[in-house]
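*Asks:* Every number in the working numbering is 1115 more than the matching position in the sequence shown, counting from 1.
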Amino acid sequence: MRIALITDIHANLPALEAVLRDVKAKRHADLILSLGDQVNLGPCPRETLELLRAHNVTCLHGNHEGYLLKAMQGDPAFSGANFDVVRFQAALLREEEITFPRTMELDGITFCHAMPHDDRFPVWNPEKAIPLLREMTFDHPTHIICGHGHNPTHLRMGNLTLDSIGSVGCMDDGPAGAAPYAMLETGPGYAVIRPFYASYDTAPLPGLFLASGMADACPVTARIACAQMLSNVDYLLPFVIRAYQLAGERGESAISEGTWHLTDSLFPWPDGQTADAFWRAARAKAAQRSI
1116 MRIALITDIH
1126 ANLPALEAVL
1136 RDVKAKRHAD
1146 LILSLGDQVN
1156 LGPCPRETLE
1166 LLRAHNVTCL
1176 HGNHEGYLLK
1186 AMQGDPAFSG
1196 ANFDVVRFQA
1206 ALLREEEITF
1216 PRTMELDGIT
1226 FCHAMPHDDR
1236 FPVWNPEKAI
1246 PLLREMTFDH
1256 PTHIICGHGH
1266 NPTHLRMGNL
1276 TLDSIGSVGC
1286 MDDGPAGAAP
1296 YAMLETGPGY
1306 AVIRPFYASY
1316 DTAPLPGLFL
1326 ASGMADACPV
1336 TARIACAQML
1346 SNVDYLLPFV
1356 IRAYQLAGER
1366 GESAISEGTW
1376 HLTDSLFPWP
1386 DGQTADAFWR
1396 AARAKAAQRS
1406 I
């Protein structure tokens, strides 16, 4: 069986389009399987889900689907400014559109988002993952293929083999305009995983954030996500860590709008542009193209 594996699209429609074109043209897959985090962060959640349905992609649950589902249910844990995109996208979608199975078993392999019991397991960080895995028992050879880690990762430990595919929509450390995916071929007594990359043009991304309304409704978070998708460099984690530090210093139980914008003003953006400056420049470019 030949399975095309994609994951962590994060509503980055141009990246998904490029990967699906590559898979359809070159890989002759029997099944396309998405390992969670189809939505959130990027500008095109509805269009991403529509494209996945159009190509009969089987989708699994990711932690970002979980965030949106909890926000839809009014969970107060998602009231902070750092979750404004979660609330924004939750208002655009329906629960049934983002309710997917958590795991799938095929040919003796378990597919999930991070680990079957934990959709936020730190697969991307061996220093955190290995001590946690040492506390688990794998009595027989176990192969788990997952997403969540935004760069491809292979981990082998005792009876466990853990392969994380890498994010289609926003790698943490990769070449700009590259969208990773993998092909899995299985047969009697064997499984072969081969990594591939599809190239795509990132230039339309700022315009998609503007057109979706995210740049207006969630300017700082949209700025973070757009910067990461343009460069395939992780800006989200260091930004959120700094915001939580500032919130603690200001005695906040949740990150306020003021703290979120203060973090933006202090953050070492590589182009020196805060969210307001970035979106002003993007609007100016869009206006010039329309003349």
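Cβ coordinates follow ideal geometry from the N, Cα and C atoms, glycine included.
From Arg1117 to Met1272, what does the alpha carbon distance come to, in whole angstroms?
*Replies:* Position 2 of the sequence shown holds residue 1117. Position 157 of the sequence shown holds residue 1272. If I take the Cα positions, the gap works out to 26 Å.
*Asks:* When the cut-off is 8 Å and only beta carbons count, does Cys1285 lie next to chain C?
*Replies:* Chain labels in this structure do not include chain C; a single protein chain is all it has.
*Asks:* How big is the Cα-Cα spacing for Val1355 and Asn1197?
*Replies:* In the sequence shown, the residue the question calls residue 1355 occupies position 240. In the sequence shown, the residue the question calls residue 1197 occupies position 82. For Val1355 and Asn1197, the distance between alpha carbons rounds to 7 Å.
*Asks:* Considering Cα atoms alone, identify which of Arg1235, Ala1297, Gly1289 is closest to Val1134.
*Replies:* Residue numbering aside, residue 1134 sits at position 19 when the sequence shown is read from its first letter. When each option's Cα is compared against that of Val1134, the closest is Ala1297.
*Asks:* Would you mind stating whether Asn1155 and His1170 have Cβ atoms separated by less than 8 Å?
*Replies:* Here residue 1155 is taken as the residue at index 40 of the sequence shown, counted from 1. Here residue 1170 is taken as the residue at index 55 of the sequence shown, counted from 1. It is not a contact, given that the beta carbons lie outside the stated cut-off.
*Asks:* Rounding to the nearest angstrom, what Cα-Cα distance links Val1238 and Ala1390 in this structure?
*Replies:* In the sequence shown, the residue the question calls residue 1238 occupies position 123. In the sequence shown, the residue the question calls residue 1390 occupies position 275. In a straight line, the C-alpha of Val1238 is about 31 Å away from that of Ala1390.
*Asks:* To the nearest angstrom, how far is the alpha carbon of Asp1379 from that of Val1335?
*Replies:* Counted from its first residue, the sequence shown places residue 1379 at position 264. Counted from its first residue, the sequence shown places residue 1335 at position 220. Each residue's Cα considered, the two are about 7 Å apart.
*Asks:* Quick one: is Ala1337 buried, meaning 16 or more other Cβ sit within 10 Å of its Cβ, or exposed?
*Replies:* Locating residue 1337 in the sequence shown gives position 222, counting from the first residue. So Ala1337 counts as buried.
*Asks:* Out of Gly1328, Gly1195, Ala1119, Pro1353, which one is the CA nearest neighbour of Leu1167?
*Replies:* Your numbering for residue 1167 matches position 52 in the sequence shown. Answer by Cα proximity: Ala1119.
*Asks:* With a threshold of 16 other CB atoms inside 10 Å of the CB of Asn1416, please say whether the residue is buried or exposed.
*Replies:* Look at the range of the chain in this structure, 1116 to 1406, and you will see that residue 1416 is not part of it.
*Asks:* Starting from Ser1279, trace the beta strand (DSSP E) both ways and give me its first and last residue.
*Replies:* On the sequence shown, position 164 is the one that residue 1279 refers to. 1275–1279 is the extent of the beta strand (DSSP E) around Ser1279.
*Asks:* Exposed or buried, what is Gly1245 when buried is set at 16 or more other beta-carbons lying within 10 Å of its beta-carbon?
*Replies:* One-based indexing of the sequence shown puts residue 1245 at position 130. The displayed chain sequence assigns Ile, not Gly, to residue 1245. Flag for Ile1245 reads exposed.
*Asks:* Less than 8 Å between the C-beta atoms of Pro1102 and Asp1316, yes or no?
*Replies:* Beyond the ends of the chain as shown, which are 1116 and 1406, falls residue 1102; an answer cannot be given.
*Asks:* Taking contact to mean 3 or more Cβ pairs, one atom from each stretch, closer than 8 Å, check whether the segment 1255–1274 and the segment 1223–1238 are in contact.
*Replies:* Taking 8 Å as the limit for Cβ pairs, the verdict is that the segment 1223–1238 does touch the segment 1255–1274.
*Asks:* Starting from the N-terminal side, write out each stretch of the alpha helix (DSSP H) that is 4 residues or longer and does not extend beyond the segment 1133–1201.
*Replies:* The segment 1133–1201 contains these whole alpha helix (DSSP H) runs: 1160–1169, 1178–1187.
*Asks:* Excluding the 5 residues flanking Gly1264 on each side, which residues of the same chain have their C-beta closer than 6 Å to its C-beta?
*Replies:* Residue numbering aside, residue 1264 sits at position 149 when the sequence shown is read from its first letter. Taken in chain order, the residues that qualify are Val1238, Trp1239, Ser1279.
*Asks:* Just to confirm, are His1176 and Phe1215 a CB contact at a threshold of 8 Å?
*Replies:* In the sequence shown, the residue the question calls residue 1176 occupies position 61. In the sequence shown, the residue the question calls residue 1215 occupies position 100. Yes, these two residues count as a Cβ contact at 8 Å.
*Asks:* What is the C-beta distance between Ile1339 and Leu1351, in whole angstroms, given that I count them as a contact (C-beta under 8 Å)?
*Replies:* What you label residue 1339 is simply residue 224 of the sequence shown in a count that begins at 1. What you label residue 1351 is simply residue 236 of the sequence shown in a count that begins at 1. That pair is a contact at about 5 Å.
*Asks:* Take Leu1270 as the anchor and find which of Lys1185, Arg1249, Asp1254, Trp1384 has the nearest alpha-carbon.
*Replies:* By one-based count along the sequence shown, residue 1270 stands at place 155. Out of Lys1185, Arg1249, Asp1254, Trp1384, Arg1249 has the C-alpha closest to the C-alpha of Leu1270.
*Asks:* Could you check what DSSP says for Gly1322 in three-state terms: helix, strand or coil?
*Replies:* As a first step, residue 1322 is located in the sequence shown; it is residue number 207 there, counting from the start. Of the three classes helix, strand and coil, the one that applies to Gly1322 here is helix, per DSSP.
*Asks:* Within its chain, find whatever has a CB closer than 6 Å to the CB of Asp1199; leave out the 5 residues flanking it on each side and keep chain order.
*Replies:* For the purposes of this step, residue 1199 is identified with residue 84 of the sequence shown, where counting begins at 1. Within the same chain, Asp1199 has close Cβ partners Cys1333, Thr1336.
*Asks:* Nearest to Ile1121 by CA position, among Pro1295, Thr1163, Met1286, is which residue?
*Replies:* Locating residue 1121 in the sequence shown gives position 6, counting from the first residue. Per the Cα distances, Pro1295.
*Asks:* Determine contact between the segment 1297–1316 and the segment 1361–1377, defined as no fewer than three beta-carbon pairs at a distance below 8 Å.
*Replies:* Counting Cβ pairs under 8 Å, fewer than three are found: no touch.
*Asks:* Return the Cβ separation of Val1172 and Leu1183 in integer angstroms, given the expectation that the two are a contact with Cβ distance under 8 Å.
*Replies:* The residue you call residue 1172 lines up with position 57 of the sequence shown. The residue you call residue 1183 lines up with position 68 of the sequence shown. About 18 Å separates the two Cβ atoms, so there is no contact after all.
*Asks:* Where do the N-terminal and C-terminal ends of the alpha helix (DSSP H) with Ser1368 fall, by residue?
*Replies:* Along the sequence shown, read from residue 1 onward, the residue named residue 1368 stands at position 253. Segment: none, Ser1368 is in no alpha helix (DSSP H) and carries neither H nor E.
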